[in-house]
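Asks: First the structure, which I've put down as structure tokens, then a few questions once you've had a look.
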Amino acid sequence: MKGKVLKRLVRWISESWMMFAFFACFFLLWEWSIDWFEVPQYILNKPSEIITNSAADLPRLMQYTYITGLETVLGFVVAICLAIPIGVAITFSNILRRTLYPFLVSVEMVPKIAFAPLFISWLGFGLLPKVIIVFLVCFFPIVLNAILAFGSLSQELDRFSQITGASQIKIFLKIRIPSALPQCFVGIKYAAINATVGAAIAEFIGSDQGLGFYIQIVTGNMRPDLAFAGIFLLTLLGLGLFGIVTFVERLMIPWHISQRRG
Amino acid sequence: MNTTIQIQGVSKSFETDEGPLVAFGPADLDIKQGEFVSLLGPSGCGKSTLLMMLAGLEEPSSGKIFLNQTPVQSPRNDIGVMFQESTLVPWRTVLGNIELQLELRGKRPENFREQIDSLLNSVSMKGMEKRMPHELSGGMQQRAALCQALIHQPQTLLLDEPLGKLDAMTRENIRGDLQRLWLDKKPTVVMVTHSIEEAVQMSTRVYLISPRPGKIDKVVDIEMDYPRNLAVKQNPRFIQYLADIHSVFHGYGVL
Numbered sequence: 195m196k197g198k199v200l201k202r203l204v205r206w207i208s209e210s211w212m213m214f215a216f217f218a219c220f221f222l223l224w225e226w227s228i229d230w231f232e233v234p235q236y237i238l239n240k241p242s243e244i245i246t247n248s249a250a251d252l253p254r255l256m257q258y259t260y261i262t263g264l265e266t267v268l269g270f271v272v273a274i275c276l277a278i279p280i281g282v283a284i285t286f287s288n289i290l291r292r293t294l295y296p297f298l299v300s301v302e303m304v305p306k307i308a309f310a311p312l313f314i315s316w317l318g319f320g321l322l323p324k325v326i327i328v329f330l331v332c333f334f335p336i337v338l339n340a341i342l343a344f345g346s347l348s349q350e351l352d353r354f355s356q357i358t359g360a361s362q363i364k365i366f367l368k369i370r371i372p373s374a375l376p377q378c379f380v381g382i383k384y385a386a387i388n389a390t391v392g393a394a395i396a397e398f399i400g401s402d403q404g405l406g407f408y409i410q411i412v413t414g415n416m417r418p419d420l421a422f423a424g425i426f427l428l429t430l431l432g433l434g435l436f437g438i439v440t441f442v443e444r445l446m447i448p449w450h451i452s453q454r455r456g
Numbered sequence: 002m003n004t005t006i007q008i009q010g011v012s013k014s015f016e017t018d019e020g021p022l023v024a025f026g027p028a029d030l031d032i033k034q035g036e037f038v039s040l041l042g043p044s045g046c047g048k049s050t051l052l053m054m055l056a057g058l059e060e061p062s063s064g065k066i067f068l069n070q071t072p073v074q075s076p077r078n079d080i081g082v083m084f085q086e087s088t089l090v091p092w093r094t095v096l097g098n099i100e101l102q103l104e105l106r107g108k109r110p111e112n113f114r115e116q117i118d119s120l121l122n123s124v125s126m127k128g129m130e131k132r133m134p135h136e137l138s139g140g141m142q143q144r145a146a147l148c149q150a151l152i153h154q155p156q157t158l159l160l161d162e163p164l165g166k167l168d169a170m171t172r173e174n175i176r177g178d179l180q181r182l183w184l185d186k187k188p189t190v191v192m193v194t195h196s197i198e199e200a201v202q203m204s205t206r207v208y209l210i211s212p213r214p215g216k217i218d219k220v221v222d223i224e225m226d227y228p229r230n231l232a233v234k235q236n237p238r239f240i241q242y243l244a245d246i247h248s249v250f251h252g253y254g255v256l
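Residue numbers (my numbering), protein chains in the order written: chain A, 195 to 456; chain B, 2 to 256.
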């Protein structure tokens, strides 16, 4: 067992050391060029300065990370909870497919972020408008992929289910849901990547807390070091969300071709 | 013997810009209980369509089909079907896939342990229960699919080119398995194939279907004893059947 873990670790290092070396070079080059080119502090800082300076502001950064994270997760989860059932309903209802579906497709063309100022003006500076904007960003990829997912059961499986005489509900649970999951996850992962974008932009437009707000304020105060700290934490939030989705995907569809190793 | 399947004046046509196009039929045929019948014809002749109409999965444009004395009007659940493409679901093991058939039919898989075991045994799949479909070769997948199609012990079995995608050696092997299973339980089998050899080796009767529009225009009764294994292919009668059928298709211009 131990040997196996060690073996895997060695393999992982031998496969990815170049990537780490590249990252290291990138940050070293950044660190040195600030001195070489005498870049002023209010334009850009060294990575080492970013770390030490932002450590001083850690409590505030943590609090804002929590707030932005909350907005992101809430909007994302609500989007999943609404988009999947709506996608299913559109797949199986002729009326919805002729009414709601084309409507959603046209709304998809609208840049959702453009609604952000409106929502802020309608609902104020609080949590709700941000959650709604994250929701809007996440909802469309999930619903459109869900429609694709539930609408593309193979003819053979469809016929196979019909021949068994099983009820539609049983077929739905045992055949349609599992075969739709991989495509649903495509939408959910896409949404996870974009969720933090929605939250950050919503905070840029109107907020008194959160990482987006922080980045805007510190940039105004000529503190690019702190702005980078905010950007870094936003990235971590996005990565974390994506990581959780990928983990859940691996648990739910370990059989799918996208999940098979080597 | 009772007649299990009656096909009366069945045809299938499709709407095109130049009016309806007859793809198959009209055709009449009676299939008796326990027969192994092949529908043999070139691709596109409508033989699969006929099979799907038999199953109630496609509606004939005209004519009537009776299965076990009742008209076929909707998908029938008193049959077993093996489709051209695999119906093994990728998220279940071989065993899980066989159980799926039972679960969908509202039967308890626990009560079918013995049947599952003996079916798997008869197609040399013992010990493969826990494998996922993607871990199996094409031939193994079709064997598992055969078990899936048979586990509810249907009296009528429809096979839509079940071995179409396999290599020659594997085909030969699974033909043997299939024949053994048929001889054992004697269900009525209707098999669609484009292999003359396969049709002659397996069937009690072969229906030859002409190219578009597909029409049954010859029926060949294969009068040879079972089991028909590899040795049967040296039999002069077998060779004569092949030659006769060959010449019919040659006449159509498809060979």
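Ideal placement from N, C-alpha and C gives every residue a C-beta, glycine not left out. Fair warning: this is a prediction, and the values are worked out from it, not measured in the lab.
Looking at the strands, I want to know which residues DSSP matches up with R206 (chain B).
Replies: The residue you call residue 206 (chain B) lines up with position 205 of the second sequence. The partner list for R206 (chain B) (beta bridge, DSSP) reads B:V38, B:D222.
Asks: Using the beta-carbon of each residue, which ones in chain A are nearer than 9 Å to W92 (chain B)?
Replies: One-based indexing of the second sequence puts residue 92 (chain B) at position 91. Ordered by position in chain A, the residues that pass the 9 Å Cβ test against W92 (chain B) are P372, S373, L375, I447, P448, W449, H450.
Asks: Select from the segment 63-87 of chain B all residues with a C-beta closer than 9 Å to any C-beta belonging to chain A, and list them in chain order.
Replies: Correct list: S75, P76, R77, N78, D79, I80, G81, V82, F84, Q85, E86, S87.
Asks: Using a C-beta to C-beta distance shorter than 9 Å, which residues of chain B count as neighbours of R291 (chain A)?
Replies: Here residue 291 (chain A) is taken as the residue at index 97 of the first sequence, counted from 1. Residues of chain B passing the Cβ test: none, with the nearest at roughly 23 Å.
Asks: Along the chain, where does the alpha helix (DSSP H) containing K201 (chain A) start, and where does it finish?
Replies: As a first step, residue 201 (chain A) is located in the first sequence; it is residue number 7 there, counting from the start. Element bounds for K201 (chain A): 196-230.
Asks: Jot down the residue ranges of each uninterrupted beta strand (DSSP E) in the segment 5-68 of chain B, minimum 3 residues, whole runs only, in chain order.
Replies: Correct list: 20-33, 37-41, 63-68.
Asks: Using a Cβ cut-off of 7 Å (strictly closer), state whether K48 (chain B) contacts chain A.
Replies: Locating residue 48 (chain B) in the second sequence gives position 47, counting from the first residue. No, K48 (chain B) lies away from the interface with chain A (no Cβ there is under 7 Å from its Cβ).
Asks: Grab me the residues of S14 (chain B)'s own chain with a C-beta within less than 7 Å of its C-beta, minus the 5 sequence neighbours each way, in chain order.
Replies: By 1-based counting over the second sequence, the position of residue 14 (chain B) is 13. These residues qualify, in order along the chain: P21, L22, V23, A24, S62.
Asks: Here's a check: name, in chain order, each residue in its chain whose Cβ is nearer than 8 Å to the Cβ of E209 (chain A), leaving out the five neighbours to either side.
Replies: Position 15 of the first sequence, counted from the start, is the residue given in the question as residue 209 (chain A). Nothing meets the Cβ criterion.
Asks: For the segment 162-176 of chain B, list every residue whose C-beta sits within 9 Å of some C-beta in chain A, in sequence order.
Replies: Within the segment 162-176 of chain B, no residue has a Cβ that lies closer than 9 Å to any Cβ of chain A.
Asks: Would C378 (chain A) pass as a contact of A343 (chain A) if the rule is Cβ separation under 7 Å?
Replies: Translated into the one-based positions of the first sequence, residue 378 (chain A) becomes position 184. Translated into the one-based positions of the first sequence, residue 343 (chain A) becomes position 149. Cβ atoms of C378 (chain A) and A343 (chain A): closer than 7 Å.
Asks: Pick from B:D18, B:M53, B:K33: whose alpha carbon is nearest that of V11 (chain B)?
Replies: For the purposes of this step, residue 11 (chain B) is identified with residue 10 of the second sequence, where counting begins at 1. That would be B:M53, whose Cα lies nearest to the Cα of V11 (chain B).
Asks: Could you confirm whether any beta carbon from chain B is found closer than 7 Å to the beta carbon of R444 (chain A)?
Replies: Stepping through the first sequence from its first residue, residue 444 (chain A) is reached at position 250. False, the Cβ-Cβ gap to chain B never drops below 7 Å.
Asks: Could you list the residues in the segment 99-125 of chain B with a C-beta less than 8 Å from some C-beta on chain A, going in chain order?
Replies: Those residues of the segment 99-125 of chain B that come within reach of chain A (Cβ to Cβ, closer than 8 Å) are L101, Q102, E104, L105, R106, G107.
Asks: Going by the CB atoms, is the gap between Y208 (chain B) and V220 (chain B) shorter than 7 Å?
Replies: Looking up residue 220 (chain B) in the second sequence gives position 219. Looking up residue 208 (chain B) in the second sequence gives position 207. Contact flag set, yes.
Asks: Could you check which residue in B:S87, B:S44, B:I6, B:M126 has the C-alpha nearest to that of R353 (chain A)?
Replies: As a first step, residue 353 (chain A) is located in the first sequence; it is residue number 159 there, counting from the start. It is B:S87 whose Cα lies nearest to the Cα of R353 (chain A).
Asks: Starting from D161 (chain B), follow the beta strand (DSSP E) in both directions and report where the run begins and ends.
Replies: Counting from 1 along the second sequence, the entry for residue 161 (chain B) is found at position 160. Counting along the chain, the beta strand (DSSP E) containing D161 (chain B) begins and ends at 157-161.
Asks: Checking the sheet assignment: what are the DSSP bridge partners for T189 (chain B)?
Replies: For the purposes of this step, residue 189 (chain B) is identified with residue 188 of the second sequence, where counting begins at 1. T189 (chain B) pairs with B:T157.
Asks: Just verifying my parser: in three-state terms, what is the DSSP assignment at G404 (chain A)?
Replies: Within the first sequence, numbered from 1, the residue matching residue 404 (chain A) stands at position 210. Three-state result, G404 (chain A): coil.
Asks: At a CB-CB cut-off below 7 Å, which residues of chain A make contact with M275 (chain B)?
Replies: Past the boundaries of the shown model lies residue 275 (chain B); chain B is included only from 2 to 256, so the question cannot be answered.
Asks: Thinking C-beta only, is P188 (chain B) closer than 7 Å to Q143 (chain B)?
Replies: Taking the second sequence and counting its residues from 1, the one referred to as residue 143 (chain B) is at position 142. Taking the second sequence and counting its residues from 1, the one referred to as residue 188 (chain B) is at position 187. No, the pair does not count as a contact, with Cβ atoms beyond the cut-off.
Asks: Indicate whether V337 (chain A) and A277 (chain A) have their beta-carbon atoms separated by less than 7 Å.
Replies: In the first sequence, counting from the first residue as 1, residue 337 (chain A) sits at position 143. In the first sequence, counting from the first residue as 1, residue 277 (chain A) sits at position 83. Yes, Cβ-Cβ distance for V337 (chain A) and A277 (chain A) is below 7 Å.
Asks: With 16 other CB atoms within 10 Å as the buried threshold, where does I175 (chain B) fall?
Replies: On the second sequence, residue 175 (chain B) is found 174 positions in, with the first residue counted as 1. Buried, by the Cβ-count rule.
Asks: Which residues in the same chain as F239 (chain B) place their Cβ atom closer than 7 Å to its Cβ, once the five residues preceding and following it in sequence are excluded?
Replies: By one-based count along the second sequence, residue 239 (chain B) stands at place 238. Excluding sequence neighbours, F239 (chain B) sits near V201, M225, V233.
Asks: Would you report the Cα separation of K48 (chain B) and P212 (chain B), rounded to the nearest angstrom?
Replies: On the second sequence, residue 48 (chain B) is found 47 positions in, with the first residue counted as 1. On the second sequence, residue 212 (chain B) is found 211 positions in, with the first residue counted as 1. Rounded to the nearest angstrom, the two C-alpha atoms are 10 Å apart.
Asks: Report the option in B:L151, B:E59, B:E199, B:I6 whose CA atom is closest to the CA atom of D185 (chain B).
Replies: In the second sequence, residue 185 (chain B) corresponds to position 184, counting from 1. When each option's Cα is compared against that of D185 (chain B), the closest is B:L151.
Asks: State the Cα-Cα distance for the pair V439 (chain A) and F426 (chain A), rounded to the nearest angstrom.
Replies: The count along the first sequence starts at 1 and reaches residue 439 (chain A) at position 245. The count along the first sequence starts at 1 and reaches residue 426 (chain A) at position 232. In a straight line, the C-alpha of V439 (chain A) is about 20 Å away from that of F426 (chain A).
Asks: H247 (chain B) by DSSP, collapsed to three states: which one?
Replies: Counting from 1 along the second sequence, the entry for residue 247 (chain B) is found at position 246. Of the three classes helix, strand and coil, the one that applies to H247 (chain B) here is helix, per DSSP.
Asks: Of all the CB atoms in chain B, is at least one closer than 7 Å to the CB of G456 (chain A)?
Replies: For the purposes of this step, residue 456 (chain A) is taken as residue 262 along the first sequence, with counting starting at 1. The predicted model places G456 (chain A) with a pLDDT of 46, which falls under 50 and marks its position as unreliable; any figure quoted below should be read in that light. Not one chain B Cβ lies under 7 Å of G456 (chain A).
Asks: Measuring only the C-alpha atoms, how far is V442 (chain A) from N78 (chain B)?
Replies: What you label residue 442 (chain A) is simply residue 248 of the first sequence in a count that begins at 1. What you label residue 78 (chain B) is simply residue 77 of the second sequence in a count that begins at 1. Going by the C-alpha atoms only, they are around 36 Å apart.
Asks: According to DSSP, is I217 (chain B) helix, strand or coil?
Replies: As a working note, residue 217 (chain B) is residue 216 in the second sequence. Here I217 (chain B) sits in strand by DSSP.
Asks: By how many angstroms is the C-alpha of R205 (chain A) removed from the C-alpha of G456 (chain A)?
Replies: On the first sequence, position 262 is the one that residue 456 (chain A) refers to. On the first sequence, position 11 is the one that residue 205 (chain A) refers to. Bear in mind that a pLDDT of 46 at G456 (chain A), under 50, signals an unreliable position, so the number given afterwards is only what the model happens to contain. Computed Cα separation, rounded: 13 Å.
Asks: When the Cβ atoms of the segment 314-332 of chain A are set against those of the segment 379-396 of chain A, are three or more pairs found closer than 8 Å?
Replies: At 8 Å Cβ cutoff, the stretches touch.
Asks: Using a 10 Å radius around the Cβ and a threshold of 16 neighbouring Cβ atoms, would you call G254 (chain B) buried or exposed?
Replies: By 1-based counting over the second sequence, the position of residue 254 (chain B) is 253. So G254 (chain B) counts as exposed.
Asks: Any Cβ of chain D within less than 7 Å of the Cβ of L40 (chain B)?
Replies: Note that chain D does not occur in the displayed structure, where the protein chains are A and B.
Asks: Could you check where the beta strand (DSSP E) with M83 (chain B) kicks off and where it finishes?
Replies: Numbered from 1 along the second sequence, position 82 holds the residue referred to as residue 83 (chain B). First-last of the beta strand (DSSP E) with M83 (chain B): 81-83.
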